[in-house]
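Please read the structure below before turning to the comments.
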């Protein structure tokens with residue numbers, strides 16, 4: 001995990017797929033929060049690993065940074081980072097997903113439907 005963190009800290013944008021025998025949910029969360037893009041546990045089928053690698057390459061084919069701004073927030077989609085007033089905010093993967101969804105839908109509000 002230290003290598004993953006180091007790469008992400010140095011802005012290495014290559015997709016990271018982790019192959020491991022460690023299968024606890026805590027291990028998976030820790031690796032993904034460290035910056036890995038996907039996680040596969042042993043035993044695995046080579047076809048699955050290839051499919052996951054191809055999916056990562058498709059998603060990362062445009063490695064240029066995509067940034068969404070909704071003042072004072074700024075979210076970098078390729079790095080999965082949030083900044084508020086240009087200050088980085090540390091988030092868990094789950095928190096990031098929630099914030100990304102909210103920022104992507106900023107201004108698209110409406111009245112909730114009550115059935």
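In UniProt numbering, the protein residues as written are 1 to 115.
Think of the CB as a built atom: it goes at the ideal place given N, C-alpha and C, for glycine as much as any other residue.
Please read all numbers here as calculations on a predicted model, not as lab measurements.
Asked: Reference residue 26; option with closest CA among 8, 39, 88 and 7; Found: 39
Asked: Extent of the continuous alpha helix (DSSP H) to which residue 103 belongs; Found: 93-104
Asked: Alpha-carbon to alpha-carbon, residue 6 and residue 53; Found: 21 Å
Asked: Counterpart residues of residue 87 in DSSP-defined beta bridges; Found: 84
Asked: Those residues which DSSP pairs with residue 74 across a bridge; Found: 69 and 83
Asked: Separation of residue 8 from residue 90, as counted between CA atoms; Found: 13 Å
Asked: Beta-carbon proximity list for residue 82, same chain, < 7 Å, skipping 5 on both sides; Found: 73, 75, 89, 91, 96 and 99
Asked: Neighbourhood of residue 23 by C-beta, 6 Å cutoff - its chain only, sequence neighbours within 5 removed; Found: 41
Asked: Proximity below 8 Å, CB of residue 93 to CB of residue 33; Found: yes
Asked: Cβ-Cβ distance between residue 50 and residue 103 below 8 Å; Found: no
Asked: Opening and closing residue of the beta strand (DSSP E) in which residue 27 lies; Found: First-last for residue 27: 25-34, but that is the alpha helix (DSSP H), not the beta strand (DSSP E).
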